[in-house]
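Take any residue in the sequence shown, note its place counting from 1, add 2, and you have its number in this note's numbering.
Step one of this worksheet: look at the structure below.
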Amino acid sequence: MTDTFNFSCTYSIPETIANNIRSAQFGDGYKQISMSGINPTSESWDLNNNSFIEEAKRLRDFLISHVATSFWWVNPWGERKLYRVKSDSIKTSFLNNQYITTSFTFEQAFVP
């Protein structure tokens, strides 16, 4: 069974949409563009979590375990989709010995 991300995050979350396209430019200035693949559009989200150390540890464990494994998350648009954690995106900042800010990026995942 696929896990679900249930941690709280800040609401000033930037979304990035990437489109996988192919294009060919011709000498007369005409440019032909088409979508590439069965999932040509994907999204990613930069997220932040502020929490005390115990919750931050649980969040960190979840993030590390879902770099290569997908999970369900309901994005701010209310859409429940599959995501993975971008491998080099997990960053923590200790504000004091008990309070931690964690930032990370979710990338949309697709099932075959």
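Don't be surprised by glycine CBs; every beta carbon is placed ideally from N, CA and C.
Note that the structure is a prediction, hence the values are computed from the model and not measured.
Expected contact under 8 Å - CB spacing of residue i and residue j to nearest Å
| i | j | result |
| --- | --- | --- |
| isoleucine 108 | serine 46 | One detail in the question is off: residue 108 reads as phenylalanine in this sequence, not isoleucine. Indeed they touch by this definition, with Cβ atoms about 6 Å apart. |
| serine 53 | isoleucine 19 | Not a contact, Cβ separation roughly 28 Å. |
| valine 76 | valine 87 | That pair is no contact at about 16 Å. |
Through-space distance from residue j to residue i, alpha-carbon basis
| i | j | result |
| --- | --- | --- |
| serine 72 | aspartate 48 | 16 Å |
| proline 16 | arginine 82 | 17 Å |
| asparagine 99 | isoleucine 55 | 8 Å |
| aspartate 5 | arginine 62 | 15 Å |
| phenylalanine 96 | serine 89 | 21 Å |
| isoleucine 40 | leucine 84 | 16 Å |
| threonine 12 | threonine 94 | 15 Å |
Residue i classed as buried or exposed, judged by whether at least 16 other C-beta atoms fall within 10 angstroms
| i | result |
| --- | --- |
| asparagine 22 | exposed |
| alanine 58 | buried |
| leucine 65 | buried |
| glutamine 110 | buried |
| asparagine 8 | exposed |
| valine 113 | exposed |
| tyrosine 32 | exposed |
| tryptophan 79 | exposed |
Given residue i as reference, the closest of the options once Cα atoms are compared
| i | options | result |
| --- | --- | --- |
| isoleucine 92 | Pro114, Asp30 and Phe106 | Phe106 |
| threonine 104 | Asn50, His68 and Arg86 | Asn50 |
| arginine 24 | Trp74, Arg60, Pro42 and Met3 | Pro42 |
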